[in-house]
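Notes to accompany the following structure.
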């Protein structure tokens, strides 16, 4: 169960990082 929790946190963090990066890329265009 711990592994699943860590995996979920990692995926969530990675997802938000991608969204943030995309938003910055579009903002600086």
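In our numbering, the protein residues as written are 49 to 77. All C-beta atoms, glycine included, are put in the ideal place defined by N, C-alpha and C.
Backbone secondary structure at residue i - three-state DSSP
i: residue 60; result: helix
i: residue 76; result: coil
i: residue 51; result: helix
Check: residue i C-beta below 8 Å from any heavy atom of the ligand FAD
i: residue 52; result: Questions concerning the ligand FAD fall outside what the structure shown contains, since it holds no ligand whatsoever.
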